[in-house]
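> Before we start, here is the structure in question, set down as structure tokens.
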Amino acid sequence: MRLHMNFNRMAYFAAVVDTGSFTAAADKLGITKAVVSQQVAKLEEEAGTALLVRNTRRIYLTDAGRAFHSRCSSILREVEFAFDELAEGTEMPMGLLRIVAPVAYGHCLIVPAVAKFTELYPTCRAAVTLSDKGHDLIAEQIDIAIRIGDLADSSHRTRRIGSIHRYLVCSPGFAARTAEILQPEDLGILPFVANTALEEPYVWELTNQNGEVKTLHASASIMVDAMPAVYGAVLAGGGLAILPEYLVSEDISKGRLLQILPEWSVPTAGIHAVFPATRYRATKVRAFIDLLIKMQSEHGIRTGA
Numbered sequence: 177m178r179l180h181m182n183f184n185r186m187a188y189f190a191a192v193v194d195t196g197s198f199t200a201a202a203d204k205l206g207i208t209k210a211v212v213s214q215q216v217a218k219l220e221e222e223a224g225t226a227l228l229v230r231n232t233r234r235i236y237l238t239d240a241g242r243a244f245h246s247r248c249s250s251i252l253r254e255v256e257f258a259f260d261e262l263a264e265g266t267e268m269p270m271g272l273l274r275i276v277a278p279v280a281y282g283h284c285l286i287v288p289a290v291a292k293f294t295e296l297y298p299t300c301r302a303a304v305t306l307s308d309k310g311h312d313l314i315a316e317q318i319d320i321a322i323r324i325g326d327l328a329d330s331s332h333r334t335r336r337i338g339s340i341h342r343y344l345v346c347s348p349g350f351a352a353r354t355a356e357i358l359q360p361e362d363l364g365i366l367p368f369v370a371n372t373a374l375e376e377p378y379v380w381e382l383t384n385q386n387g388e389v390k391t392l393h394a395s396a397s398i399m400v401d402a403m404p405a406v407y408g409a410v411l412a413g414g415g416l417a418i419l420p421e422y423l424v425s426e427d428i429s430k431g432r433l434l435q436i437l438p439e440w441s442v443p444t445a446g447i448h449a450v451f452p453a454t455r456y457r458a459t460k461v462r463a464f465i466d467l468l469i470k471m472q473s474e475h476g477i478r479t480g481a
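Number 481 marks the last residue of the sequence shown (my numbering); no jumps.
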């Protein structure tokens with residue numbers, strides 16, 4: 177039995193494989209490349225076999241390295257879970273907090289919240305992924321995933337932490353060169369910017385004060401796969417789009433964007449925090465969500481339903 181094997185060396189090896197290079201692993205771990213290389217070499221010496229093949233461009237796993245990486249990743253994950261469970265019994269959040277969130281929401285809310293969180297809790301670190309794509313929370317060891325809109329059924333725990341008002345907007349330049357928009361039916365012939373990361377990027381639903389609902393199938397002139405790109409295209413006069421209040425409220429107030437058909441509202445979108453069951457009660461998770469809700473309210477985002 178190799179009970180003397182150094183867990184740090186396993187972590188260094190896993191970081192090299194996961195990031196694709198010794199340099200990136202060193203940056204992730206906050207140590208020098210020389211230390212990472214030295215420790216991985218010692219791990220190979222302890223293992224009695226080569227785990228990596230190195231050249232000037234990239235690294236490759238040997239067959240033994242591939243099998244070992246799978247095993248040690250599982251072991252390191254269980255060790256982290258064990259420390260998370262220990263931390264649950266303490267009042268002070270600690271350890272690495274992994275978060276994934278939509279790009280636009282992440283830039284506006286998650287990044288400032290993480291900066292404040294690590295200031296409040298120096299014993300915590302945060303790794304943030306901003307993406308409008310789906311993620312496997314278990315495989316990627318995610319502590320918190322922020323999802324906006326309807327949720328698919330899953331075994332994960334969820335908490336609705338807010339709701340976002342959305343507006344139909346365009347630039348003044350776009351409005352000046354198109355026919356006046358008086359009713360929802362006028363939208364059908366106009367170009368709009370589609371966010372293809374959404375489940376139904378070409379369908380709009382509008383409701384007036386009388387409860388009348390109009391479902392429109394719009395024609396996209398520009399198709400992009402991230403909310404910031406939709407926002408940029410609309411600002412540049414590329415077409416109409418439905419965008420969240422937190423992203424466009426200042427632009428509307430300063431005249432950079434125009435709200436179209438304000439008497440017709442777009443359904444609000446729920447903001448949900450999604451957690452693997454093993455992470456739900458971790459102190460660091462609860463502390464971050466509480467802080468995020470507070471910061472959302474400062475941006476005019478409604479809490480809960």
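No residue lacks a Cβ here, since even glycine has one placed at the ideal position from N, Cα and C.
1) Could you check the C-alpha separation between residue 314 and residue 452 for me, to the nearest Å?
2) Going by alpha carbons, who is nearest to residue 220 out of 185, 205 and 363?
3) Alpha carbon to alpha carbon, what distance is there between residue 310 and residue 196?
4) Among 274, 303, 410 and 334, which one has its Cα closest to the Cα of residue 152?
5) Tell me which same chain residues have a C-beta within less than 6 angstroms of the C-beta of residue 377, skipping the five on either side of it?
6) May I have a chain-ordered list of the alpha helix (DSSP H) segments no shorter than 4 residues that lie completely inside the region 179-227?
7) For residue 448, which of helix, strand or coil comes out of DSSP?
8) Run the CB neighbour count on residue 340, radius 10 Å, all protein chains shown included, and call it buried at 16 or more, exposed below.
9) May I ask you to verify whether the region 268-286 touches the region 318-326, counting CB pairs closer than 8 angstroms and requiring at least 3?
10) Please check if any C-beta of chain B sits within less than 8 angstroms of the C-beta of residue 340.
11) Give me the Cβ distance between residue 373 and residue 396, rounded to the nearest whole Å; I'm assuming they're in contact under 8 angstroms.
12) What does the Cβ neighbour count give for residue 191, buried or exposed, with the cut at 16 atoms within 10 Å?
13) State the Cα-Cα distance for the pair residue 356 and residue 343, rounded to the nearest angstrom.
14) Are residue 193 and residue 237 closer than 8 angstroms when you measure CB to CB?
15) State the DSSP-derived secondary structure class of residue 468, mapped to helix, strand or coil.
16) Helix, strand or coil for residue 321, going by three-state DSSP, please let me know.
17) For the candidate residues 290, 272 and 421, whose alpha-carbon lies nearest to that of residue 300?
18) So the alpha helix (DSSP H) residue 428 belongs to, where does it begin and stop?
19) Does DSSP put residue 377 in a helix, in a strand, or in coil?
20) Keeping to the same chain, check which residues put their C-beta closer than 6 angstroms to that of residue 465; ignore five residues upstream and five downstream.
21) Determine, using beta carbons only, whether residue 227 and residue 241 come nearer to each other than 8 angstroms.
22) Beta carbon of residue 285: closer than 7 angstroms to some heavy atom of the ligand MN?
23) How about residue 189 and residue 213: do their beta carbons lie closer than 8 angstroms?
24) Grab me the residues of residue 205's own chain with a C-beta within less than 6 angstroms of its C-beta, minus the 5 sequence neighbours each way, in chain order.
25) DSSP three-state label for residue 338, please.
26) Start and end of the beta strand (DSSP E) containing residue 236?
27) In chain order, what residues of the same chain lie with their CB nearer than 8 angstroms to the CB of residue 284, ignoring the 5 residues before and after it?
The relevant details are as follows:
1) If you take the alpha carbons of residue 314 and residue 452, they lie about 7 angstroms apart.
2) For the residues 185, 205 and 363, the minimum Cα distance to residue 220 belongs to 185.
3) The alpha-carbon separation between residue 196 and residue 310 amounts to approximately 22 angstroms.
4) With the chain running from 177 to 481 in the structure shown, residue 152 is simply not present.
5) Cβ neighbours of residue 377 beyond the five flanking positions: 370 and 371.
6) Listed in chain order, the complete alpha helix (DSSP H) runs (minimum 4 residues) inside the region 179-227 are 183-195, 198-205 and 209-223.
7) Assigned with DSSP and collapsed to three states, residue 448 falls in strand.
8) That one is buried.
9) Because the criterion of three Cβ pairs below 8 angstroms is met, the region 268-286 and the region 318-326 touch.
10) Here chain B cannot be found, since the structure has a single protein chain.
11) So it is not a contact: roughly 13 angstroms between Cβ atoms.
12) Per the 10 Å Cβ criterion, buried.
13) Near 18 angstroms, if we compare the C-alpha coordinates of residue 343 and residue 356.
14) In this structure, residue 237 lies closer than 8 angstroms to residue 193 by Cβ.
15) Of the three classes helix, strand and coil, the one that applies to residue 468 here is helix, per DSSP.
16) The answer is strand: DSSP assigns residue 321 an E or B state.
17) The shortest C-alpha separation from residue 300 is found at 272.
18) If you look at residue 428, you'll find it in the alpha helix (DSSP H) that goes 421-429.
19) Coil at residue 377, not helix or strand.
20) The beta carbon of residue 465 is closer than 6 angstroms to those of 449 in its chain, skipping five residues each way along the sequence.
21) Yes.
22) No copy of the ligand MN occurs in the structure displayed, which carries no ligand at all.
23) Against a cut-off of 8 angstroms, the Cβ pair of residue 213 and residue 189 comes out as no contact.
24) Excluding positions up to five away in sequence, the list reads 191.
25) The three-state reading of DSSP puts residue 338 in strand, counting E and B together.
26) Note, residue 236: beta strand (DSSP E), 235-237.
27) Contacts found: 422, 423 and 475.
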